[in-house]
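Take a look at the structure set out below.
Numbering (the UniProt record's numbering), first residue to last: 1 to 438.
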């Protein structure tokens, strides 16, 4: 049964399902004014969200994808300040389109930005939109939905956090939501502390495994260090590029990946660590900034013949460097003394305040071991989606990735896929898989 579900999702035309569109005339542009180029729209088969909810933004036809007015450098800078691990993928401009509302949204200090994938008849918004304040999320979401519907596309929002999930599943929109993914977030200071403890001390199986691999790499004389921007030698840069080419060539089977690995994209907001053995580069790790104190591990790759423990050494070295830098910056911050006539000295620090100046590192999105229903969904639909998810995750090894990340004691922060009621069946699953397929 799971095999049939998976085949139906990936190849709907073989099973008598799917969206059949008439071929577009190559010389006829879309009459709706959308910026997707020359194509043809079939009449929408599902009720419009804007018609079901008249309080959506009016003037949907005036909303258009204005992503062309933001260049890659501007986009990268916004992601570095307001982004998430999902929005890093938008820098792959060959795969992702960029949408911005045609009218400013007052709750945001800048015009919001949303990256998306398109696979007719669906448009998959990827991650939360970039806004300066969560207060702008609802109007931004409504504007994007209106944009999709004006172009006769079915919107689906993937990899969103609790804030946006609550908006989309609320009474006004009533979208269905499921969670089958989470973001793996690491506390560098905690890992550095546990990894440095003696073998018989605290840590559990995951940390003991991490220590063993770090020790193996040390015995093999693997040296890891950061290469600052402008300090790359031609030899090391060529070695990294050759190693990545080899890594790509040896990937087998169906792979789902939200972004293509291009090591030198947005160097100004990235940091690089390389692993060497006997002066030969055997691995590279790339981190991208997603906030003042947050980073994402874009990729950590070990090359052919790299000693066991090289990947753990790369990640541990980066975590240690970030932790020490943040520790130094925190210690050098000026101390603010509260006036004596206030009760500030009697208050205790809340957990939120204690985490305020702590750096975090994300592995990005990881597949959960099962699909969990969220809001406005249940019954047989959850069963079918769950079986399809299990089939896909088993074939492409999604869950194995999470097992590796557990050795760094990553905290699992649930993420959601959100869609209009009756808008995310097997056909949508197949469209999303094909959009992510490499």
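Virtual Cβ for every residue (Gly too), placed ideally from N, Cα, C.
A quick note: this is a predicted structure, and the numbers were derived from the prediction, not measured.
The alpha helix (DSSP H) spanning residue i covers which residue range?
i: residue 321; result: 310-331
i: residue 103; result: Premise fails: residue 103 is in no alpha helix (DSSP H) and is neither H nor E.
i: residue 123; result: Run containing residue 123: none in the alpha helix (DSSP H); it sits in the beta strand (DSSP E), 122-126.
i: residue 140; result: 137-150
i: residue 79; result: 72-82
Thinking residue i and residue j are a contact (beta carbons under 8 Å), I'd like their distance in whole angstroms, please.
i: residue 168; j: residue 141; result: 6 Å
i: residue 377; j: residue 176; result: 4 Å
i: residue 298; j: residue 286; result: 4 Å
i: residue 113; j: residue 75; result: 7 Å
i: residue 82; j: residue 137; result: That belief does not hold up - the Cβ atoms of residue 82 and residue 137 are roughly 12 Å apart, past 8 Å.
i: residue 159; j: residue 389; result: The pair is not a contact, with the Cβ atoms about 15 Å apart (cut-off 8 Å).
i: residue 213; j: residue 309; result: 4 Å
On the criterion of 16 or more Cβ atoms from any shown chain inside 10 Å, does residue i qualify as buried, or is it exposed?
i: residue 197; result: exposed
i: residue 139; result: buried
i: residue 155; result: buried
i: residue 305; result: exposed
i: residue 422; result: exposed
i: residue 447; result: In the structure as shown, the chain starts at 1 and stops at 438, and residue 447 therefore has no counterpart that could be examined.
i: residue 8; result: Caution applies to residue 8, whose pLDDT of 38 falls short of 50 and renders its modelled position unreliable; the value that the coordinates give is listed next. It counts as buried.
i: residue 292; result: exposed
i: residue 296; result: buried
i: residue 187; result: buried
i: residue 57; result: Residue placement at residue 57 cannot be trusted, given a pLDDT of 40 that sits under 50; the coordinates are not used to answer.
i: residue 95; result: buried
i: residue 312; result: buried
i: residue 345; result: Below a pLDDT of 50, predicted positions are generally treated as unreliable, and residue 345, at 37, falls in that range; no measurement from the model is reported.
i: residue 89; result: buried
i: residue 135; result: exposed
i: residue 419; result: buried
i: residue 317; result: buried
i: residue 338; result: Any reading at residue 338 needs caution, since the residue's pLDDT is 45, under 50, leaving its predicted position unreliable; the model's value is listed next. Its Cβ having fewer than 16 others within 10 Å, residue 338 is exposed.
i: residue 219; result: exposed
Got a sec, what are the start and stop residues for the beta strand (DSSP E) residue i sits in?
i: residue 173; result: It is not in any beta strand (DSSP E) - residue 173 carries neither H nor E in the DSSP assignment.
i: residue 369; result: 360-373
i: residue 274; result: 270-277
i: residue 158; result: 154-160
i: residue 412; result: 411-419
i: residue 192; result: Looking at the DSSP string, residue 192 is not in any beta strand (DSSP E); the run it does join, the alpha helix (DSSP H), is 188-195.
i: residue 116; result: 114-119
Considering only their Cβ atoms, is the gap separating residue j from residue i smaller than 9 Å?
i: residue 411; j: residue 161; result: no
i: residue 98; j: residue 105; result: no
i: residue 272; j: residue 325; result: no
i: residue 206; j: residue 407; result: yes
i: residue 361; j: residue 322; result: yes
i: residue 307; j: residue 277; result: yes
i: residue 358; j: residue 80; result: no
i: residue 282; j: residue 260; result: no
i: residue 372; j: residue 178; result: yes
- Could you tell me which uninterrupted beta strand (DSSP E) segments, each at least 3 residues in length, are contained entirely in the segment 212-255, listed from first to last along the chain? 222-227
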